[in-house]
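Read the structure below first, then the notes.
Chains as they are written, first to last, in this note's numbering: chain A, 220 to 364; chain B, 14 to 665.
And the structure:
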């Protein structure tokens, strides 16, 4: 009986936990990709709040650190595909910075999976939704880690 | 601060999922000091009218509109704000349609997410600064580099529109590669005849006075930016006055020295003073200082000058290199392409066997003004009984150029056609990897070759499978792996079209960026192939990609179209105010930003010890702001404070 209650409590606690994700999306591809998910009306978890930047290259590592400091469970940086950047190479800079940032985050005890970098084009509404879903699932599974 | 919030229901698209009243109450209970107005279709004509009147009446200090994606209607609403007398940047749009209403199944969650997003926008918008578009005086003159088909068309179109054009050509003649061809695919028009009207326009047409043609000249340096370039051009001496020379050619005969003519692939010799080829324009000879005895031996020879019927000073060996400086508003790069070096393939024998020629050398052989007067002959002077064309030399090959150059097949089938006319008995062999003849006229010459009983087709897998050697009878043996060898008296290689040698040099000087093949990188390879990634610099012709004449002239026209629409003579240009700027008091002078800017917009002021951003070149990506270790770079409309406010807002 106690075990059953504990299980139930665990379920309730899990249901109550809603990971909060901040997504930095570049205006030209990824933000448009998120718009595409909208026009296609593909439902996805409401855990994401989008911050629009003109280019993923604008995302300062400090923005990500600040998001975690403010209580974000996950941070997403979504950029144009390599070669598609509206500003030639901002997406490549963003990718480089993300790689370095992961090392800093690890030292701070923040799992790599909590900060994801990916490429979403203006037509990849479905990929965008998949990324959000994956991140929510990941954060739900690793709650508290 | 007085902020006006507008909530667009988008018919029922938004209101079906998000209850405006709930949102309003939440903002009110959060103590937000703002008006809250709900409208049905704010983007519609009536909606915009309502919005404009309401804004003019309320005169809010900031505006937030919760509606569709800013990619949809941000500029629409910014326009309305401007009409209402408000600065359009004191505005933040919240995307509650694409990013919330249409994708959130649970209504409660949708409302919650909307409230969070609106609260965030309210925090952000108070930090917005009024911004004004930048205006810039321009020079309407244009520098066109390269006088091939693309450059010629750009120059004439711009001159016809009243623009001053400086047309810079590296070689002594204009017209580019096509003027070396007697017949052009697909319709076998004569290359000179095709281009002569255009070249005539350049030299002495109605608008010729608008065009300053500088042959034997190259771009040396460029400073400045769109509308305001200072270009430095280095012009080699021609030693012949182009304005007074009548092109009679009297000076050639007495010249005592000859050397291989580079315009004929070294197949014949030319005098130290000569035309590159007869019919080349401008019809003015030039002296090759690598041949002329006055330069090679320091002799006092002036036989050419003595022979000139126009006077003793027309030919002047004392001419010096000129450094010419001009102010221009735009630059068109039309420097053309080059052909792959066939010496890279030792097995094909080019450079080792005299009867192995490149397509360009064969082209000159076909031309009446070429080294053989249009006769197809071997080095022994005999007509060949069999000619082998090796296609795809350096193309479609990861070890060399992975792409298809797109023009070589038609070139080879044109050769087939002309050979069949001139030497109907000759056998023609095509050795190819792939046959590519796109376009509505592209197949005609191929089909003619296919129907010709004297033409034979052999497919090979890769170039190393081929070997060209001299057989016992002195003829060329072309062997193919797993196939019977072909006997040929003449072997013609069709090389890949590759970037010209100057592409890298110019690309580096202008910081233009090259694509992975080494061609100039376009703003967008399909949508904007005639525009480079740098403002004010345009691309035309084969410097951007292998292309035929039609595509090249189209790009030349496209480049001039861009210039005429983007740099209107007598008008200032207006640029987006989303640029970044360096706060000098915070800058440590580390120059990290200089290297990350994709547009060369940042330079270092050594005197002040700080970096500076040219707002006319900056496109507002903000990558410098993210890179600055001192936080000294402010990005307009996407400042650190604004984004931090958003982070705080969404995680409340």
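Using N, Cα and C, we set each Cβ at its ideal position, and we do this for glycine too.
Where residue i falls: helix, strand or coil (DSSP)
i	result
residue 443/B	strand
residue 375/B	helix
residue 145/B	coil
residue 409/B	coil
residue 567/B	helix
residue 220/A	At residue 220/A the pLDDT is 48, less than 50, meaning the model places this residue with poor confidence; the figure from the coordinates comes in the next sentence. DSSP places residue 220/A in coil when its eight states are reduced to three.
residue 534/B	coil
residue 227/B	strand
residue 267/A	strand
residue 140/B	coil
residue 275/A	helix
residue 47/B	strand
residue 117/B	coil
residue 422/B	helix
residue 591/B	coil
residue 391/B	coil
residue 512/B	strand
Proximal chain B residues relative to residue i, where beta-carbon distance stays under 9 Å
i	result
residue 273/A	591, 632, 633, 634, 635, 648, 650 and 651
Where residue i meets chain A, residues with beta-carbon distance less than 7 Å
i	result
residue 25/B	Those within 7 Å of residue 25/B in chain A number zero; the least Cβ separation is about 14 Å.
residue 112/B	253, 257 and 269
residue 488/B	Here the premise fails: no neighbours, minimum Cβ distance about 49 Å.
residue 122/B	265
residue 661/B	289
Contacts of residue i in chain A (Cβ-Cβ under 8 Å)
i	result
residue 546/B	307
residue 664/B	239, 241, 268, 286, 289, 290 and 291
residue 119/B	265
residue 126/B	265 and 268
Burial state of residue i (16 or more Cβ within 10 Å)
i	result
residue 200/B	exposed
residue 539/B	exposed
residue 482/B	exposed
residue 15/B	exposed
residue 128/B	buried
residue 516/B	buried
residue 187/B	buried
residue 166/B	buried
residue 24/B	exposed
residue 673/B	Here chain B comprises residues numbered 14 to 665, so residue 673/B is not present and cannot be evaluated.
residue 134/B	buried
residue 424/B	buried
residue 198/A	Past the edges of chain A, shown from 220 to 364, lies residue 198/A, and the structure says nothing about it.
residue 612/B	buried
Amino acids of chain B, ordered along the chain, whose beta-carbon sits closer than 8 Å to that of residue i
i	result
residue 260/A	115 and 116
residue 278/A	639
Neighbouring residues, chain D, relative to residue i (Cβ below 8 Å)
i	result
residue 312/A	In summary, chain D is missing from the structure at hand, where the protein chains are A and B.
Neighbour list for residue i in chain A, Cβ cutoff strictly below 9 Å
i	result
residue 526/B	307 and 308
residue 130/B	268 and 269
residue 657/B	281, 282 and 285
Any contact between the region 36-44 of chain B and the region 59-70 of chain B? By contact I mean 3 or more CB pairs, one from each, below 8 Å.
no
So if I threshold CB-CB distances at 7 Å, which residues from the region 283-295 of chain A count as touching chain B?
285, 286, 289, 290 and 291
For the region 230-253 of chain B, enumerate the residues whose C-beta is nearer than 8 Å to any C-beta of chain A, in chain order.
none
Taking 8 Å as the threshold, find out whether the region 236-250 of chain B comes into contact with the region 196-215 of chain B through three or more Cβ pairs.
no
How do the region 496-509 of chain B and the region 387-401 of chain B stand: do at least 3 beta-carbon pairs fall below 8 Å, yes or no?
Flag = yes, the region 496-509 of chain B and the region 387-401 of chain B touch.
Please name the residues in the region 239-251 of chain A whose beta-carbon is closer than 8 Å to at least one beta-carbon of chain B, in chain order.
239, 241, 246, 250 and 251
Taking contact to mean 3 or more Cβ pairs, one atom from each stretch, closer than 8 Å, check whether the region 218-229 of chain B and the region 172-184 of chain B are in contact.
yes
Any 3 or more C-beta pairs closer than 8 Å across the region 525-538 of chain B and the region 549-565 of chain B:
A contact exists between the region 525-538 of chain B and the region 549-565 of chain B.
Check distances from the C-beta atoms of the region 65-93 of chain B to those of chain A and list, in chain order, the residues that come in under 9 Å.
81, 82, 83, 84 and 85
Do the region 149-162 of chain B and the region 563-583 of chain B touch if we need at least three Cβ pairs shorter than 8 Å?
yes
Mind the definition here: the region 313-328 of chain B touches the region 355-369 of chain B only if three or more C-beta pairs lie below 8 Å; say whether that holds.
no
Count Cβ pairs between the region 447-456 of chain B and the region 334-349 of chain B that sit closer than 8 Å; are there 3 or more?
no
Does the structure place the region 599-616 of chain B close enough to the region 240-252 of chain A that three or more beta carbon pairs sit under 8 Å?
no
State whether the region 278-288 of chain B contacts the region 372-387 of chain B, with contact taken as three or more CB pairs (one from each stretch) at a distance under 8 Å.
yes
Counting pairs of beta carbons, one from the region 131-146 of chain B and one from the region 206-213 of chain B, are three or more of them closer than 8 Å?
Not touching, per the Cβ criterion.
Using 8 Å as the threshold, is the region 337-353 of chain B in touch with the region 470-477 of chain B, meaning 3 or more CB pairs across them?
no
Check whether the region 295-313 of chain A and the region 616-630 of chain B are in contact - that is, three or more C-beta pairs closer than 8 Å.
no
Pairs of beta-carbons, one from the region 91-101 of chain B and one from the region 118-127 of chain B, closer than 8 Å: are there three or more?
no
Can you confirm whether the region 338-350 of chain B touches the region 555-571 of chain B when touching is taken to mean that 3 or more C-beta pairs between the two stretches lie within less than 8 Å?
yes
Does the structure place the region 42-57 of chain B close enough to the region 330-340 of chain A that three or more beta carbon pairs sit under 8 Å?
no
Specify whether the region 345-360 of chain A and the region 304-316 of chain A touch according to this definition: at least 3 beta carbon pairs, one from each stretch, less than 8 Å apart.
Result no; under three Cβ-Cβ pairs closer than 8 Å.
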